[in-house]
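The numbering of the sequence shown is this note's numbering, which starts it at 1 and goes up by one.
Even for Gly, the Cβ is constructed at its ideal location relative to N, Cα and C.
Predicted, not measured: the structure shown is a model, and the values here were computed from it.
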Amino acid sequence: MDTLLAAPAGLEQVEGALARFFDESKVRAAKIGSGYTALWETLERCTAGGKRFRPRLVMSAYQMLGGTDLDNAAEVGAAFEMLHTALIVHDDVIDRDFIRRGIPNVSGRYRRIAEDAGLSPDGARHIGFSAGVIAGDLALSNAYRLLERAEAPSATRRRLGEILDEAVFASAAGEFLDIETSLTSAMPPLEDIVQMARLKTSVYSFEGPLQAGAVLAGADEEVIGRLGDFGRDAGIAYQIADDLLGVFGNETRTGKTNWGDLREGKRTALMSYVAARPEWESISSLVGNPRMSASDADHVRRVLVDSGARDYSVDLAAQYAARARAHLESDAVPATLRSALRPVVTAVVDRVH
Numbered sequence: 001m002d003t004l005l006a007a008p009a010g011l012e013q014v015e016g017a018l019a020r021f022f023d024e025s026k027v028r029a030a031k032i033g034s035g036y037t038a039l040w041e042t043l044e045r046c047t048a049g050g051k052r053f054r055p056r057l058v059m060s061a062y063q064m065l066g067g068t069d070l071d072n073a074a075e076v077g078a079a080f081e082m083l084h085t086a087l088i089v090h091d092d093v094i095d096r097d098f099i100r101r102g103i104p105n106v107s108g109r110y111r112r113i114a115e116d117a118g119l120s121p122d123g124a125r126h127i128g129f130s131a132g133v134i135a136g137d138l139a140l141s142n143a144y145r146l147l148e149r150a151e152a153p154s155a156t157r158r159r160l161g162e163i164l165d166e167a168v169f170a171s172a173a174g175e176f177l178d179i180e181t182s183l184t185s186a187m188p189p190l191e192d193i194v195q196m197a198r199l200k201t202s203v204y205s206f207e208g209p210l211q212a213g214a215v216l217a218g219a220d221e222e223v224i225g226r227l228g229d230f231g232r233d234a235g236i237a238y239q240i241a242d243d244l245l246g247v248f249g250n251e252t253r254t255g256k257t258n259w260g261d262l263r264e265g266k267r268t269a270l271m272s273y274v275a276a277r278p279e280w281e282s283i284s285s286l287v288g289n290p291r292m293s294a295s296d297a298d299h300v301r302r303v304l305v306d307s308g309a310r311d312y313s314v315d316l317a318a319q320y321a322a323r324a325r326a327h328l329e330s331d332a333v334p335a336t337l338r339s340a341l342r343p344v345v346t347a348v349v350d351r352v353h
C-alpha cells in the first residue's frame with residue numbers, strides 16, 4: 001500500500017510515537033521478566049519496517065484540513081498502525097501461518113523457540129499460536145492507549161474513540177464472515193464478498209484513518225462523511241485488486257505466492273463470477289484443494305481468464321475506484337486533499353493492468 005500515497009509531513013513524529021510507546025512497554029515488561037520483554041521486542045519488530053499507509057492517511061487528512069500539531073496527530077496515526085499490527089498478527093494465527101514476507105512472524109518465532117526446547121511439532125505449533133494471540137491482544141489494546149495520548153477536546157476524543165472502535169468492530173465482523181463462509185462449499189453472492197471486503201479492509205485501512213485525521217483537524221460533517229464514502233469504495237477497489245494479484249500477481253513483487261488463495265479456496269469476486277458459469281465444473285474440485293499442484297493452478301488461471309472472470313474483476317475494481325473519486329468532487333473537500341487522494345484510487349486500478 002505504501003506506493004499508493006505520497007509521504008506527508010509528520011511520519012517522523014509517528015515513528016517517534018511508536019518508539020516511545022515500545023520503550024515504555026519494554027521497561028514495564030522488564031519488571032516482570034526477560035521472557036515478557038522478548039515478546040514485546042518481537043511485537044516491536046513486527047511493527048517496524050512498514051510503510052505506514054494508515055498513518056499517511058491520518059496525517060494527510062489532518063494537515064490538508066488545517067491541522068498543524070503534527071506531534072499530536074502522530075499519536076492518532078500510531079494508533080492505527082498499532083491496530084494494523086494487531087490484525088495481521090491475529091490474521092496469521094487464523095490462517096495458521098508462521099511466515100510473513102519471508103521471515104518468521106510472532107507465531108513462527110515462538111514455534112522455533114519451542115522446537116529448540118524439545119517440544120513435539122504439535123506442541124511447538126500450539127506455543128507459537130498462543131504467543132501470536134497474546135501479542136495481537138497487546139497490540140489491539142494498546143492501539144486505544146495510543147489514541148488516548150492525543151490531546152483534544154472531550155467531544156473530539158470521544159469521536160476518535162468511536163472511529164477506532166468501529167474499525168475494530170468491523171474488522172472482526174469481516175474476519176468472522178470470512179471464516180463462516182468456509183462452513184459450506186457454496187460460493188457466497190458478490191454482494192456478500194463486497195461486504196466482507198469493506199469490513200476487512202476499507203474501514204480500518206481507509207475510512208477510519210481518513211475520518212480520524214479530519215475529526216482531529218476540526219473538519220465539518222460533510223467532509224468527514226465524504227472521506228468515509230471515499231475510503232469505503234477505495235478500500236473495496238483495493239481488496240478486489242489485491243485478490244486478483246493473489247492469483248495473477250508476480251510473486252517477487254507481491255511478496256506472496258500466487259496460488260495460496262487458490263489452494264485456500266478464498267471467496268473473491270473472481271470466484272463468485274466463475275462459480276455461476278459452466279466453466280466452474282472444470283475447476284471446482286481444484287479450488288480449495290490443499291494438494292493443488294502448479295499445473296492445477298495454471299489450469300485454474302486459464303479458466304479464470306477464458307471465462308471472463310479476470311476481466312470482470314478488473315472492471316469491478318475500476319468501478320469502485322470511479323465511485324471513490326466521485327465522492328471527492330465537492331467544494332467542501334479542499335483541492336489539495338482531492339489531489340492527494342485521487343492518485344490513490346488510480347494506483348489501485350493500475351496494479352492489475
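In DSSP terms, what residue i is bridged to
i	result
residue 99	104
Helix, strand or coil at residue i according to DSSP, with G and I counted as helix
i	result
residue 52	coil
residue 5	coil
residue 259	coil
residue 307	coil
residue 332	coil
residue 200	helix
residue 290	coil
residue 188	coil
residue 153	coil
residue 117	coil
residue 58	helix
residue 37	helix
residue 284	coil
residue 126	helix
residue 194	helix
residue 218	coil
residue 65	coil
residue 265	coil
residue 139	helix
residue 351	coil
residue 277	coil
Residue range of the alpha helix (DSSP H) that includes residue i
i	result
residue 183	No alpha helix (DSSP H) contains residue 183, which DSSP labels as neither H nor E.
residue 28	11-30
residue 232	221-248
residue 77	70-94
Local Cβ density within 10 Å of residue i, reported as buried at 16 or more and exposed below that
i	result
residue 218	exposed
residue 27	exposed
residue 250	exposed
residue 399	Because the chain in this structure spans residues 1 to 353, residue 399 falls outside the shown range and cannot be described.
residue 103	exposed
residue 151	exposed
residue 33	exposed
residue 341	buried
residue 90	buried
residue 257	exposed
residue 207	buried
residue 31	exposed
residue 209	buried
residue 35	exposed
residue 268	buried
residue 353	exposed
residue 265	buried
residue 75	buried
residue 39	buried
residue 316	buried
Residue i Cβ short of 7 Å to the ligand SAM heavy atom set
i	result
residue 192	Inclusion of the ligand SAM in the displayed structure is not the case, the ligand content being empty and no account of it being possible.
Whole-Å CB distance - residue i paired with residue j, under 8 Å assumed
i	j	result
residue 259	residue 297	4 Å
residue 22	residue 58	Their Cβ separation, rounded to whole angstroms, is 19 Å, which puts residue 22 and residue 58 out of contact at 8 Å.
residue 143	residue 83	4 Å
residue 86	residue 55	Between residue 55 and residue 86 the Cβ distance is about 15 Å, and since that is not below 8 Å, they are no contact.
residue 199	residue 170	5 Å
residue 274	residue 262	At roughly 12 Å, the Cβ-Cβ gap does not stay under 8 Å, so residue 274 and residue 262 are not in contact.
residue 166	residue 203	6 Å
residue 159	residue 330	Not confirmed; about 21 Å, so no contact.
residue 235	residue 201	5 Å
residue 128	residue 108	6 Å
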